[in-house]
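Chains as they are written, first to last, in this note's numbering: chain A, 132 to 258; chain B, 132 to 258; chain C, 302 to 721; chain D, 302 to 721.
A virtual CB, placed ideally from N, CA and C, is assigned to each residue, including glycine.
For clarity, every value in this text was computed on a predicted model and none was experimentally measured.
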Ligand SMILES: Cc1ncc(COP(=O)(O)O)c(C=O)c1O
Ligand SMILES: Cc1ncc(COP(=O)(O)O)c(C=O)c1O
């Protein structure tokens, strides 16, 4: 059995949290990993510098979509500044399974989109 | 001791036969092997389709100069048509020592010049 | 090489062949390795590994011009490898076989050297939607620079080229070159290259064949095909990485300007300019990969001993078996043609599970396949998919490997749940 | 690697090092092989041969994008080799180390990609008369195409560059790039690259260093030298043939268009056009020579264990000894400088005996040297010779080898007779 596909991840993949778009969102950003076609879009509503609402849509592999789903739960209600602190390791820890090098970009696509949305940093998060 | 440098070859190199140029030659041709800078020029006086006189000048390694010298002796007085028959092997036989692949072009430069002079064939003689 | 005594003449036993490949004796994640990614790169038999090893232990030197024994020896080995290549593709003259790094460099060489010297504004280069990026991107670069146009021949429902479109372009545009892959790496389609060449030549166009997926897998004869250029990679045909071949018609290669400049490709260099060496040196600037060429020669010997007809027959059988077995896995969609014109490549999807997820789970079962766009994004766009999973076969794969693939796909379905 | 217990720290015993090189244990024509042609290509220690062997036996696969174990493993090995390269030349970022076939391809990459995008009519590229053809011919091709001019910095009597000429060109022309070899392969001159870079930068020109003869033989630090590009070959530094490196400043490489087009160098390909991948992939189209890169990594480990300062010290000693011994052979003329700025290369002539004759006779004594123009015809023209004989040294050469060379030269004189 593939360790990678723990029930937790498959659950987020099958039942993504915060899935959808926000009309009149304060921030929207979309990006893709052209190597495998994974795509994630994040919409946010900001109140007092905090993420009042966050939604995502996307398509792609289970890892990319599950990690985007987990990420929205992690940052909902958080201060926008806290996103700067969020590291690749935080996401990898949340996924809770070893991610092989070839799949790391799948796992980090959501974070990349979030950081781009919040700060315009378009590099891949270091890990 | 290097087999290649038999007394015969060194003798032709030190005392080249038919060395020099022919004023008002009927045919003159010069070519070089740019890889090593060997250079041979052949002048011929033709009478009744025969090589009445042949002279060469040149510079370069002992193999190229000795083989050119030997060649002039081989063809002096010969019918111009006979030069067409002359093969790379004839020269290599005349040299009488094994010529390694990297030195073959040195050994054949004279023949190449002679064939170019007589027929305008500018390819390297096959062997 | 192992002896193949129990199999009828002209065929071989893939399980015995596999014994010649040290890497395939490994286990991965505790499972036996089932290597199904030979279209990306093949594994190497012991004879090739040993040829490389022996080269560096006993024969290594820079070639050409060295007048000492070791250099002459290395030069002779390099020339011998070139002769083996020429015989393998029935090239009339070894000097027209240029050693390069890989098929990609060979295709770029044609685009840069022939293309930049011959394409004029208003000219057309015809490619196909089955091309690998290596036969697209260089032409995009060069046609943009020269003001020429690229046309892409579309495919039909089965993944076969629409030759009517080719005819249309040949009739209505000033086509200077048709570039076509002999075998499509993403679909396995074997294209009718001889037919395409005949039509292109009738219209005055040259034909460049990307043989990266054909030369390793079937007899390829440049004279019978009557094409103008053939490009392929050693690493996909049991040889080492780092060596590939561009064959071209001698008179065309001779008329082309050089590509890379440097040592050994010149006749004479002065501060005022340079003149070029004869073929093949003109296109082989710098120190070549002599050891890798020698390894490629050993690979060709190995393939020749198996017999290229037998290699093709083996792959025909195994792909037929694979298509049958995979069709039995619920949720599998297969791509590409299903006739005689199908090589040993099977692209598929499974429900709407992303191919990367498929490949990751297969990996945990020891089954190595490729997932992605296979460097054929225009084809993926045309098929309306982002990616596919792809299993590809070679001389060391047997039906057992196909069974392992099919079983592992059932595991994927179990993990993702039916209708996932 | 053998242990070097009897030599003081920071130095090594070349006779012990030689034990690590299987090829050097051979005899040639019944004589022990005395290999003095490392400037053309070096021999390989067992650890490098074994690294190649192990790669193909246990780790081979196409890299990038493969999500199965073998491919990830090969990718990790390839990346690790790149990191070793970066550390070896003190590059700030491994991504700016592009793997190519050899120095020649690296130099062509700069000429084709940077040169074609940046040279305008009226611009000047400054080279030197010490350059190898690989750093001349590509610039002749590209400057002719762009309407730019090449200027060659001359040498003085000792074979040192005339920096006053460099200054003159920098002052009076629109110099966009200065291309200079770090060590002259035909003369052994070590050029003051840091000084040249400072002057070139002050005038707004970039600096391309041909490190083919320096990186293998001395510590080279791209940050200390403050240059913009560095090109070198693996096969001259104990690594396999088929792998070389172009290092470039990241921002310059990023601004450059790609060179070869194909797989792995793209971000996205459509029938309408393509976008490029990030560094280093942008410049590494097609399947790279992963095995050869791994072999280069092993070579770097070997050199690092010896210590590059010790390598340089060893060569300084041996070249001093060689210059002394050869000067004692009547009729020998030595070329090149004789100071601290002299690397382990000795070009010479003997009376008016053609260098090919010298090399052939030396070969029969088991001594392998190079004879010819050393791919530096403009320099030979400048020196007024057609060719020279050249002995070059590396970590496995000891004074014993120099003695054999000197003795064999006496044999040459005996055969040709005094004053021949
Ligand atoms: C100074 C210099 N530059 C470039 C080269 C070319 O190296 P390669 O043939 O490995 O591309 C050489 C090797 O002969 C050289 O000595
Ligand atoms: C059809 C086709 N052409 C070209 C290539 C490029 O081959 P290489 O990466 O060896 O240059 C490939 C390999 O992926 C291929 O399948």
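Check	Outcome
Unbroken alpha helix (DSSP H) run spanning residue 360/C, endpoints	First-last for residue 360/C: undefined, no H or E at that position.
Neighbour list for residue 135/A in chain C, Cβ cutoff strictly below 7 Å	661
First through last residue of the alpha helix (DSSP H) which encompasses residue 658/D	656 to 665
Residue 436/D: CB within 7 Å of a non-hydrogen atom of ligand 1	yes
Close-in-space but distant-in-sequence residues of the same chain around residue 207/B (CB under 8 Å, 5 per side omitted)	149, 182, 184, 185
Proximity of residue 217/A and residue 169/A at Cβ, strictly below 8 Å	no
Residues of the region 642 to 673 of chain D with Cβ closer than 7 Å to any Cβ of chain G, in chain order	Among the protein chains in the structure shown, which are A, B, C and D, there is no chain G.
Limits of the unbroken alpha helix (DSSP H) element including residue 575/C	It is not in any alpha helix (DSSP H) - residue 575/C instead sits in the beta strand (DSSP E) that spans 574 to 577.
Whether residue 483/D touches residue 465/D by CB criterion (8 Å)	no
Three-state secondary structure assigned by DSSP to residue 151/B	coil
Euclidean distance between Cα positions of residue 342/C and residue 194/B	48 Å
Closer than 8 Å at the beta carbon, the chain D residues around residue 172/A	Near residue 172/A there are no residues of chain D at all, since even the closest Cβ is about 18 Å away, more than 8 Å.
With 16 other Cβ atoms within 10 Å as the buried cut-off, status of residue 448/C	exposed
Contact test: residue 403/D Cβ vs ligand 1 heavy atom, cutoff 7 Å	yes
6 Å CB neighbourhood of residue 708/D in its chain, flanking five on each side removed	none
Ligand 2 heavy atom lying under 7 Å from the CB of residue 514/C	yes
Alpha-carbon spacing of residue 429/C relative to residue 504/C, whole angstroms	17 Å
Counted within 10 angstroms of its Cβ, other Cβ atoms place residue 155/A as buried (16 or more) or exposed	exposed
Cβ-based neighbour list, residue 550/D, same chain, cut-off 8 Å, excluding 5 preceding and 5 following	397, 529, 530
Sequence-distant residues of its chain with Cβ nearer than 8 Å to residue 578/C (five each side left out)	565, 566, 567, 568
Integer Cβ distance of residue 452/D from residue 474/D, believed to fall under 8 Å	7 Å
Any chain A beta carbon closer than 8 Å to residue 716/C	yes
Where residue 368/D meets chain A, residues with beta-carbon distance less than 8 Å	231, 233, 234
Cβ-based contacts, 7 Å cut-off: residues of the region 675 to 689 of chain D near chain B	687, 688
Neighbouring residues, chain C, relative to residue 226/B (Cβ below 9 Å)	Residues of chain C passing the Cβ test: none, with the nearest at roughly 16 Å.
First and last residue of the uninterrupted beta strand (DSSP E) at residue 442/C	Careful: residue 442/C lies outside any beta strand (DSSP E), inside the alpha helix (DSSP H) at 438 to 447.
Beta-carbon gap between residue 360/D and residue 347/D smaller than 8 Å	no
Alpha-carbon spacing of residue 376/C relative to residue 626/C, whole angstroms	49 Å
Within chain C, partners of residue 166/B - CB distance below 7 Å	366
Where residue 620/C sits in the DSSP three-state scheme	helix
Proximity test, residue 536/C beta-carbon vs ligand 2 heavy atom, cut-off 7 Å	yes
Rounded C-alpha distance that separates residue 242/B from residue 199/B	7 Å
Nearest residue (CA-CA) to residue 159/B, options 203/B, 204/B, 238/B, 173/B	173/B
For residue 693/C, the residue or residues it bridges with in DSSP	338/C, 646/C
CB of residue 597/C within 8 Å of CB of residue 645/C, strictly	no
CB contact below 8 Å: residue 376/C versus chain B	yes
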